[in-house]
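Residue numbers for the sequence shown follow our numbering, beginning at 1 and rising by one.
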Amino acid sequence: MATTTATPPQIDDFTTLVPKKLVRARPLFDRELVSRALKESFVKLNPLTLVKNPVIFVVEVGAALTTIFLVRDTFIGTPGVGFSLQIALWLWFTVLFANFAEAMAEARGKAQADTLRKTKTDSIAKRVIAGGQIETVPASKLRAGDMVICEAGDIIPGDGDVIEGIATVDESVITGESAPVIRESGGDRSAVTGGTKVLSDNIKIRITSNPGETFLDRMIALVEGAERQKTPNEIALNILIAGMTLIFLLAVVTLQPYAVFSVKSAGAGTVPSVAVLVSLLVCLIPTTIGGLLSAIGIAGMDRVMQHNVLAMSGKAVEASGDVNTLLLDKTGTITLGNRQAVEFIPVEGVAESELADAAQLASLADETPEGRSIVVLAKEKFQLRGRDVSELNAKFIPFSAFTRMSGVDFDGRQLRKGATDAIVKFVKEQGGSEPKGLAQISDRIARSGGTPLAVADGCRVLGTIHLKDIVKGGMRERLGQLRAMGIRSVMITGDNPLTAAAIASEAGVDDFLAQATPKDKLEYIRKEQAGGRLVAMTGDGTNDAPALAQADVGVAMNTGTMAAKEAGNMVDLDSNPTKLIEVVAIGKQLLITRGALTTFSIMNDVSKYFAIIPAMFATTYPELDKLNIMRLHSPQSAVLAAVIFNAIIIIALVPLALRGVKYRPQSAAGMLRRNLWIYGLGGLIAPFPFIWLIDRLLALLHLA
C-alpha cells in the first residue's frame, strides 16, 4: 500500500535559532558612549597606564619631548616655532585617537556592565540554621555551603544548586528571555543564579559562591573588561610591534649625529629638528595597529556578549577562531530535540486511516512532544480531531519503563502504542499473533535513523508510527560553511551506530560518535588534540564537565549544572547549543580583523617613508628628491602631512576595529589572498592620495 510522508514544519532560516539578546547592540557612536570615551581618552594619557601599550607610549614620549623643545624654542626665539607647534599638537592627537579607540571599545562593555549592575540588589535570604530553623539575613552575609529557602516572589540570594523541590524561575535579568524556566533538584537543571526570581512553588538551595564571586559579579567584571587578559596572539603581536618600534627608535636616534656629519661634509643642508626626528619615528613605527590592537580584542568579546555568550577570557574567543574540530550534540543541536511522527505505516490488510485513528486515540493523554505530534499528524492527514473520550469511561495507561508502552482502554477496546517487541508481546497475550512484514517495517525505520512505534488494538497489530529526529532547517548549509572554513564537524549521540549514521548523513556532518559516554567524549577530544587540532564543544551536565574542561573552547549552557559552567570557558546565557557555530564565526572575525589591520598598518608605513625621507635629506642629498614621487610642496608640509595622516587614519579605522572585518566562510588560502589584496594593496596605495591632498591643503592655508 502506498504511503505518504508528512514533514513537520521546518526552521527555514538558521538565524531564527538565535534568540533575542540580553545586551542590545547600541549605535556605534552613541552619544553617551562617545562622551564617556572622550573623557577616558584623557585619563589614559597617564604614562603608567599607557606604558602597557609600548608603541603609543613611545608616541607620547615623543609628543612630550617635542612639547618641551617647543617651549624652549618659544622662549629663546628660535625660528619655525609654528611648525613645531603643529607637529606637537598632531602627535598628542595621535595618542588621544589611539586612546579613544580603546576607550570606545571599553565604553561599550562598561555600558553593558552598568545595565547588569542595576539588576544586582542585596536581597534578604532565608537561611536554614541548626534544627531546621530559618533566619533572615542579607544576601551579602551568605557563604558557600549555606542552605536557603526561596518561595514564590523571592529573589534568589546567590548562586547555588537546588537540593530540594521544584520551581519556575524568572531568569530574564541574566538571559533577557521573559519565559520562565524550571529549576529542580537533581539532573542538569539544578543550578540557579543569584539575582533571578522564583515565580512559583518553593525550593531549597545550597549556596555555591561567596559574596563578590557570584555569576553576576563575574559577568559584570568580564563585560566591562576589568579582567580582560591579552590573548597569546595579541601578546605575540605586541612583542613584534614593540621590537619594530625599538629598531626604528635606534635608527632614528643614530640619524642625528649622521645628519650633523652629512651637513658638515656637504657644506649644505640643515640638521633635522627634534620635531622632525620624532615625526619620522612616529611615522615609521606601526602606530596604526598599535593604537587599534587593544580595541580589536575588547570589541571581539563585546560581539560575543551581544550574542548572549559570556566569554571568561579573550583567549577563549580567539581560540574559537582557530578551532579545527567542532563537537555537536545531536539532540537539540543538530536535531530539533524532540522526535516527531512523520508517517503511518499500516500492516497488510489494515487501512492507514484506521491506524491513524487508533494511534491518535492512544495518544490523547500523552503530553510528550512525540505523543502530541501523533495527534497532529492524524489531524493533518485524515482530519481526525481530538475526541473527548472521558465521557466513555476511558482508562488511560501511562508509559512505563517496565511495559515500554502506553495507551487507553475504552468501550471494550485496548489501544496500545510502544516498542515493537513490547506490542507484539502484548498482542500475543491477548491471543493474537505478529503480522507479516511488521519486523521488516520496524527495521527499515530504524535503518533510516527513525524510531518505530507499533500500534495495537487488542489482539491485532495495526501498523507502525515512524518517529523521526527532525534535522534543523539550514543545518546542512551551515555545516557546509564550517567545512569551507576548514572546520570538521562531529555529531555526538547516544543512539546506535545505524541511527547515528542516518542522522549524520541527513545533517551533513563529517563524522559521528555513536553510543557516546562521558569517557568517550573526553578520549575523543584528547585524540583530536594529540593530532594538533583545536576542539570546541558544548555541554550542560555534570557528566560533560571533564570534556568541557579538556576542550579548547567549552561552551556551557546557562541552564546546566554549576560544574559544567565552572568547567567551560564560555557560558551561553540562552542555552542554545547551536550558538557554538556563531561563536566560531565571531572568533574567526576577530582573527581576520586583527590580521587585516596589521597588514594595512605595515603597508601604510611603507608609503609614509616616501613622504618623510626625501623631505628630511633632499637638501643635503639632492638625489633623494627622486623619491619625492608625490611632488609634495615643501619639506615642512611633507612631514606635517605625513604626521596628520598618521593620526587621522587611526580614528578613521575605529569603526572597522569595533565592528570587525566582514567575515565570509572560505579557506585559509582564500582569506589570505583577500586580506593581501584589500588591506595589503589598499594600505600601500591609500596614503599617497591622502598625504598629497593634506600637503596641498597645508600649502593653500599657509600652514607649512
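No residue lacks a Cβ here, since even glycine has one placed at the ideal position from N, Cα and C. Just so you know, these numbers come straight off a predicted model, no measurement behind them.
query	result
Contacts around residue 688, its chain only, beta-carbon distance under 7 Å, and the 5 residues preceding and following it disregarded	607 and 630
Residue 585 and residue 663 closer than 8 Å at C-beta	yes
Own chain partners of residue 547 with C-beta closer than 7 Å, once the 5 adjacent residues on each side are dropped	518, 521, 522, 525, 537 and 539
For residue 150, the residue or residues it bridges with in DSSP	203
Segment contact flag, the segment 234-252 with the segment 279-299, C-beta cutoff 8 Å, min 3 pairs	yes
Residue 226 in three-state terms, based on DSSP	Confidence at residue 226 is low in this model, with a pLDDT of 45, below 50, so its placement is unreliable and the value that follows should be read with caution. It is coil, neither helix nor strand.
Identity of the residue in 469, 330 and 43 nearest residue 343 by Cα	469
Three-way DSSP call (helix, strand, coil) for residue 191 in this model	strand
Bridge partner(s) assigned by DSSP for residue 351	Bridge partners of residue 351: none, in fact.
Rounded Cβ spacing between residue 446 and residue 377 (contact assumed at less than 8 Å)	19 Å between Cβ atoms; not a contact.
Cβ-based neighbour list, residue 155, same chain, cut-off 6 Å, excluding 5 preceding and 5 following	123 and 197
Own chain partners of residue 165 with C-beta closer than 8 Å, once the 5 adjacent residues on each side are dropped	184, 185, 201, 202, 203 and 204
Span separating the alpha-carbon of residue 302 from that of residue 557	19 Å
Three-state class that DSSP yields for residue 781 in the structure shown	What the structure shows of the chain is the stretch from 1 to 704, and residue 781 is not part of that stretch, so it cannot be assessed.
CA-to-CA distance, residue 191 to residue 531, given in whole angstroms	35 Å
Sequence-distant residues of the same chain with beta carbon closer than 8 Å to residue 300, five excluded per side	314, 317, 318, 586, 587, 589, 590, 593 and 660
Residue 511 (DSSP reduced to helix, strand or coil)	strand
Distance between beta carbons of residue 365 and residue 408, contact taken as under 8 Å	7 Å
CB contact below 8 Å: residue 657 versus chain B	No chain B is part of this structure, which consists of one protein chain only.
Selected residue, minimal CA-CA separation from residue 609, among 485, 425, 542 and 279	279
Extent of the continuous alpha helix (DSSP H) to which residue 369 belongs	369-382
Selected residue, minimal CA-CA separation from residue 653, among 69, 100 and 36	100
Under 8 Å between C-beta atoms of residue 458 and residue 430	yes
8 Å contact criterion, which residue 384 and residue 492 should meet: CB distance rounded	Not really, about 38 Å apart at Cβ, beyond 8 Å.
Residue 71 - containing beta strand (DSSP E), residue span	Residue 71 -> not in any beta strand (DSSP E); alpha helix (DSSP H) instead, spanning 54-76.
Close-in-space but distant-in-sequence residues of the same chain around residue 250 (CB under 7 Å, 5 per side omitted)	none
7 Å CB neighbourhood of residue 259 in its chain, flanking five on each side removed	271 and 272
Start and end residues, beta strand (DSSP E) containing residue 402	Note, residue 402: premise wrong, no beta strand (DSSP E); not H, not E.
Buried or exposed (CB count within 10 angstroms, at least 16 for buried), residue 515	exposed
Limits of the unbroken beta strand (DSSP E) element including residue 578	From DSSP, residue 578 is part of no beta strand (DSSP E); its letter is neither H nor E.
Rounded straight-line distance, which links the Cα of residue 649 to that of residue 472	44 Å
Contact belief for residue 207 with residue 146 at Cβ below 8 Å, rounded distance in angstroms	5 Å
Inter-residue CB distance, residue 685 and residue 642 (contact presumed, cutoff 8 Å)	Wrong, their Cβ atoms sit about 16 Å apart, outside the cutoff.
Assigned exposure category for residue 256 - 16 Cβ within 10 Å defines buried	exposed
Segment contact, 8 Å Cβ cut-off, at least three pairs: the segment 448-466 with the segment 357-364	yes
Where residue 194 falls, given that 16 or more other Cβ within 10 Å makes a residue buried	buried
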